[in-house]
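In what follows, a structure is listed as structure tokens, so that the remarks can point back to it.
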Amino acid sequence: MKNIDSLYEQGRKKRITREFAILIFSVSAFYALILTPVYSWTSSDVLIAKTGIPVAIEALLDICNFCFYWIAFGYLLWLSARFSLRACRALALLYFAATLFRYGAALLAGYFLNGFPTFADFASDALPYLTADILLDLAFVGVAALLIYFIFEIPNAARRKTAQELRSPLSAYLPFAGLLEMKNRLLRVSLIVSAIPSVVQIVYRVIYDVTFYGAPRNLPDLLWMITYYLMDLISIVIGFFVIVLFLNRAYFREEKALMEYDA
Numbered sequence: 046m047k048n049i050d051s052l053y054e055q056g057r058k059k060r061i062t063r064e065f066a067i068l069i070f071s072v073s074a075f076y077a078l079i080l081t082p083v084y085s086w087t088s089s090d091v092l093i094a095k096t097g098i099p100v101a102i103e104a105l106l107d108i109c110n111f112c113f114y115w116i117a118f119g120y121l122l123w124l125s126a127r128f129s130l131r132a133c134r135a136l137a138l139l140y141f142a143a144t145l146f147r148y149g150a151a152l153l154a155g156y157f158l159n160g161f162p163t164f165a166d167f168a169s170d171a172l173p174y175l176t177a178d179i180l181l182d183l184a185f186v187g188v189a190a191l192l193i194y195f196i197f198e199i200p201n202a203a204r205r206k207t208a209q210e211l212r213s214p215l216s217a218y219l220p221f222a223g224l225l226e227m228k229n230r231l232l233r234v235s236l237i238v239s240a241i242p243s244v245v246q247i248v249y250r251v252i253y254d255v256t257f258y259g260a261p262r263n264l265p266d267l268l269w270m271i272t273y274y275l276m277d278l279i280s281i282v283i284g285f286f287v288i289v290l291f292l293n294r295a296y297f298r299e300e301k302a303l304m305e306y307d308a
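For the record, in the sequence shown the residue sitting at position 186 is 231 according to our numbering, with numbers rising by one throughout.
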């Protein structure tokens with residue numbers, strides 16, 4: 046029975062990892078191969094640039110960015126709760142590959158539209174920004190993994206004694222009955238993790254506004270600034286809500302699969 050359970054667990058882990066790979070690379074491809082070229086074309090066209098199309102596509106790029114992080118955080122949390130943080134090694138490798146793909150493919154798509162630079166221009170202009178973007182994305186997941194480890198994994202370690210008990214910790218945390226149950230460690234860490242990209246963006250905006258832009262020059266400037274910061278805060282709420290929905294749905298799917306297996 047233990048061998049069968051082990052095979053079942055391995056099968057579930059592979060299925061979850063496969064789902065993650067499909068989603069993360071689909072979002073990456075949409076970002077790099079569709080949105081980025083369209084944005085580059087519309088923003089460089091004199092007539093189209095005067096319309097609201099480039100702004101709308103830029104907003105879609107931001108949404109796609111957030112979806113990329115929310116997918117990664119959601120599956121990282123789910124695999125950690127369902128198995129353990131150690132089970133996320135394949136997920137981490139896939140995330141690294143998807144990060145390289147989306148930034149590399151987006152850069153190449155832009156070059157195909159606007160022409161390829163010399164190696165010297167690439168090394169001095171594009172490479173530093175490309176490296177910084179990749180390292181920042183990797184840092185997001187690294188910080189998320191540390192938070193999960195200290196807030197959820199260590200307190201939850203006592204529940205993981207045997208392979209048969211591996212599924213039992215889920216019922217202590219899932220499904221979430223409400224969004225304000227902060228005594229629930231999994232819900233608490235989900236909120237903190239979902240805020241990572243938004244908090245970094247807010248810090249970046251503050252640095253930019255203080256260092257380069259300065260104080261608002263008029264009322265429209267002030268309203269735009271308030272709008273951007275409000276959108277950053279709203280993105281935290283949306284990200285938290287998306288991750289909570291995903292974890293609840295993943296839990297019910299797992300319960301259904303377990304019932305079918307036991308039958």
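Quick reminder that beta carbons are idealized off the backbone N, C-alpha and C, glycines included.
With a cut-off of 8 Å on the beta carbons, I'd call residue i and residue j a contact; round off their distance for me.
i: ALA132; j: LEU124; result: 5 Å
i: ALA126; j: LEU215; result: 6 Å
i: SER235; j: ILE288; result: 5 Å
i: LEU292; j: PHE221; result: 7 Å
i: SER85; j: GLU198; result: 42 Å between Cβ atoms; not a contact.
i: TYR53; j: TYR306; result: 6 Å
i: ILE193; j: LEU139; result: Actually they do not touch by this definition, with Cβ atoms about 17 Å apart.
Just verifying my parser: in three-state terms, what is the DSSP assignment at residue i?
i: GLU305; result: helix
i: LYS95; result: coil
i: ASN201; result: helix
i: THR272; result: helix
i: ASP277; result: helix
i: GLU299; result: helix
i: ALA137; result: helix
i: MET85; result: The sequence given here places Ser at residue 85; Met does not occur at that position. Correct three-state label for SER85: helix.
i: LEU231; result: helix
i: LEU236; result: helix
i: ALA132; result: helix
i: GLU45; result: Coverage of the chain is limited to positions 46 through 308, which leaves residue 45 absent and any answer about it impossible.
i: LEU224; result: coil
i: THR144; result: helix
i: GLY155; result: helix
i: ASP90; result: coil
i: LEU124; result: helix
So, for residue i: in the same chain, excluding its five sequence neighbours on each side, which residues have a beta-carbon less than 8 Å away from its beta-carbon?
i: ARG60; result: none
Within the continuous alpha helix (DSSP H) that includes residue i, where are the two ends?
i: PRO261; result: Note, PRO261: premise wrong, no alpha helix (DSSP H); not H, not E.
i: GLU54; result: 47-74
i: ARG250; result: 241-253
i: THR176; result: 172-193
May I ask you to check if the CB of residue i is nearer than 6 Å to at least one heavy atom of the ligand MN?
i: ASP107; result: Ligands displayed in this structure: none; no statement on the ligand MN is therefore possible.
Exposed or buried, residue i, counting other C-beta atoms within 10 Å across all chains shown (16 or more means buried)?
i: ARG134; result: exposed
i: PRO265; result: exposed
i: ARG298; result: exposed
i: LEU224; result: exposed
i: ARG57; result: buried
i: SER73; result: buried
i: ASP358; result: In this structure the chain extends from 46 to 308, so residue 358 is not present and cannot be described.
i: ASP90; result: exposed
i: PRO173; result: exposed
Counting only the same chain and skipping the five closest in sequence on each side, list residues whose C-beta sits under 6 Å from that of residue i.
i: TYR76; result: CYS109, ARG147
i: GLN246; result: ASP277
i: GLY284; result: TRP115, SER239
By Cβ distance, which residues of its chain are closer than 7 Å to residue i, with the 5 residues on each side in sequence left out?
i: PRO200; result: ARG230
i: LEU313; result: In the structure as shown, the chain starts at 46 and stops at 308, and residue 313 therefore has no counterpart that could be examined.
i: GLN55; result: none
i: ASP107; result: none
i: ILE179; result: THR144, LEU145, TYR148
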